[in-house]
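Below is one structure, written out as structure tokens, with a few remarks after it.
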Amino acid sequence: MDGLRTRGTGEAERLLEERTADVQRVKAEYDNYRKRVRRDRMAVREIAVGNVLTALLPVVDAVDRACAHEPLTPGLRDVRDTLRTQLGSLGLQAFGERGEPFDPACHEAVVHRAAPGAEGLVCAEVLRPGYRVGDRLLRPARVVVAGPS
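Each residue of the sequence shown is one higher than the last, beginning at 234 in the numbering used here.
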């Protein structure tokens, strides 16, 4: 009788270990699934925000042109500031400054001017700012480049 009980206990322990391993494996698969879904949702959100911001860039350009060529009224200033604040909260970053090194990955050179004695290419003038969200380039900056001929 003792031999039977020992064999039954050993079988039960083996089954318990198998089921415990199965549960641990299913839990690990579920945790990986949740992480993958969270990562996919974030990627979809980033793409959607980038698409909306890209569609709004002509509006930003129009407001900037209006501010440059019209008297800056309180209403126009409020529209400009609110637009910049809201787009900035979504992660929109403008770039393209006079004097920064030219980078063909994020600058679009429209004109090249020879600059005697220059060591490298620099943005001499920014014709249209560029925009990015995080690491994603939405639009390159259009620049006039100065540097060695």
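Glycine residues also receive a C-beta, built at the ideal position from the N, C-alpha and C atoms.
{"Query": "Spatial neighbours of L309 in its chain, beta-carbon cut-off 7 Å, leaving aside the 5 residues before and after", "Result": "A299, C300, E303"}
{"Query": "Contact the segment 354–363 vs the segment 266–279: 3+ CB pairs below 8 Å", "Result": "no"}
{"Query": "Reference V344; option with closest CA among N284, V376, A254, T315", "Result": "V376"}
{"Query": "Enclosing beta strand (DSSP E) for G380 [first to last residue]", "Result": "374–380"}
{"Query": "Continuous beta strand (DSSP E) stretch holding L316: start and end", "Result": "Looking at the DSSP string, L316 is not in any beta strand (DSSP E); the run it does join, the alpha helix (DSSP H), is 307–322."}
{"Query": "Spatial distance of L289 from D368 (CA atoms)", "Result": "18 Å"}
{"Query": "Between the CA atoms of R274 and A254 - distance to the nearest angstrom", "Result": "30 Å"}
{"Query": "Closer than 9 Å to chain D by CB, L360", "Result": "Any reference to chain D falls outside this structure, which holds one protein chain only."}
{"Query": "Bridge partner(s) assigned by DSSP for R361", "Result": "R375"}
{"Query": "Length of the line joining the Cα atoms of E246 and Y266", "Result": "30 Å"}
{"Query": "Nearest-angstrom beta carbon gap, P373 and H340 [assumed within contact, 8 Å]", "Result": "6 Å"}
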